[in-house]
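Residue numbering for the sequence shown follows this note's numbering, beginning at 132 and increasing consecutively.
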Amino acid sequence: MSATYNARTPQPGPNNLMLIVGNRIRIQGFIVSDFAEDTDQFYADLKKWIDTGQVKWQETIVHGIEQAPQAFINLFTGANNGKMLVQLHD
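Written as structure tokens, this is what we have:
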């Protein structure tokens with residue numbers, strides 16, 4: 132900050148610290164277990180949203196075990212949409 136105005140070497144931390152402080156930016160992490168008490172309500176809501184079509188998903192289905200290696204590779208190349216499934220039996 133003001134102590135680093137004439138610093139000859141880069142100072143540790145973000146190079147735009149004054150903007151961060153001036154805009155009062157706050158970063159707060161979270162993990163799913165923070166909301167464990169909401170799990171039952173979430174699943175009830177999710178079922179309702181799926182049933183009414185508010186939530187939709189995509190999946191890529193390949194047929195036969197012989198397609199499994201390529202399906203696995205496609206996971207890392209973005210060749211699939213949504214879940215990648217290998218259907219083994221009709």
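Don't be surprised by glycine CBs; every beta carbon is placed ideally from N, CA and C.
Beta bridge counterpart(s) of residue i as assigned by DSSP
i	result
K214	E190
Proximity to residue i [Cα-Cα], best of the options
i	options	result
G195	Q159, V217 and Q172	V217
W188	N211, A175 and P145	N211
L223	V193, T208, R139 and A175	With the chain running from 132 to 221 in the structure shown, residue 223 is simply not present.
Spatial neighbours of residue i in its chain, beta-carbon cut-off 6 Å, leaving aside the 5 residues before and after
i	result
P141	none
N205	N211
Same chain, Cβ closer than 7 Å to residue i, five either side skipped, listed in chain order
i	result
G213	W188, Q189, E190 and T191
Note down, one range per segment and in chain order, each alpha helix (DSSP H) of at least 4 residues found wholly within the stretch 140-211.
148-153, 170-182 and 199-208
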